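For the sequence shown, position 12 (counting from the first letter as 1) is numbered 12 according to the UniProt record's numbering, and the numbering increases by one without interruption. Worksheet for the structure shown next.
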Amino acid sequence: MIERLSSAMCQCDNQYGVICKKLRSGYTPPTMPPATTQLPACAQGLVQTDNYCYQSGDSKKSWQEALDDCVLKGGCGHCLEAGAHVTYGVTNWKQGEPNNYDNNEDCVAMNALTSQWNDAACYSFYNWICMAEL
């Protein structure tokens with residue numbers, strides 16, 4: 001019987017009825033892993049890394065202008081208010097920095113070529129990055 005069924009199944013133009021299957025006695029099927037929740041995607045123009053979305057600014061802006069633009073894009077929900085003082089733990093300073101030149105450098109900027117930090121005036125225009133948490 002099995003031989004006839006096997007040879008008949010090899011003929012592709014044959015049609016068959018429904019084939020039922022039954023689990024053998026004592027067999028326990030494996031459990032399926034729980035469904036995972038898909039993280040929301042980043043808005044258009046932002047790049048996702050882990051639980052964050054990033055966008056580099058397309059034009060140089062002051063700190064406040066960059067913050068305003070980032071907030072409009074749904075980012076920076078945890079950004080500092082203008083004038084807040086925070087120590088970032090930045091250690092790779094450019095030689096002679098931070099110097100708070102003219103008592104007017106309350107922001108920081110990184111040199112992309114050297115990865116060194118410089119304290120800078122917040123009204124200066126720099127490239128910027130917006131970060132949004134998913």
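Note that CB positions come from ideal geometry on N, CA and C, so glycine has one too. These numbers were taken from a predicted model, which means no experiment stands behind them.
As the crow flies, the alpha-carbon of Gly-75 is around 10 Å from that of Leu-46. Your pair Pro-30 and Leu-134 does not check out as a contact, with CB atoms roughly 32 Å apart and the cut at 8 Å.
In this chain, Asp-58 is not harboured by any beta strand (DSSP E), its DSSP state being neither H nor E. In this structure, Leu-67 is the residue among Asn-51, Tyr-54, Asp-58, Leu-67 with its C-alpha nearest to the C-alpha of Cys-122.
Each of Ser-115, Asp-119, Tyr-126, Thr-49 was checked against the Cα of Cys-107, and the nearest Cα belongs to Asp-119.
Exposed is the label assigned to Gln-64, since fewer than 16 other Cβ atoms lie within 10 Å of its Cβ. Listed in chain order, the non-local C-beta contacts of Trp-93 below 7 Å within the same chain comprise Gln-116, Trp-117, local neighbours out to five positions each way being set aside. By the CB criterion at 8 Å, Tyr-52 and Ala-112 fall outside the cutoff. For Met-110, the CB contacts under 6 Å within the same chain, skipping 5 residues up- and downstream, are Trp-117 in chain order. Taking the C-beta atoms as reference points, Trp-128 is found no nearer than 8 Å to Lys-73.
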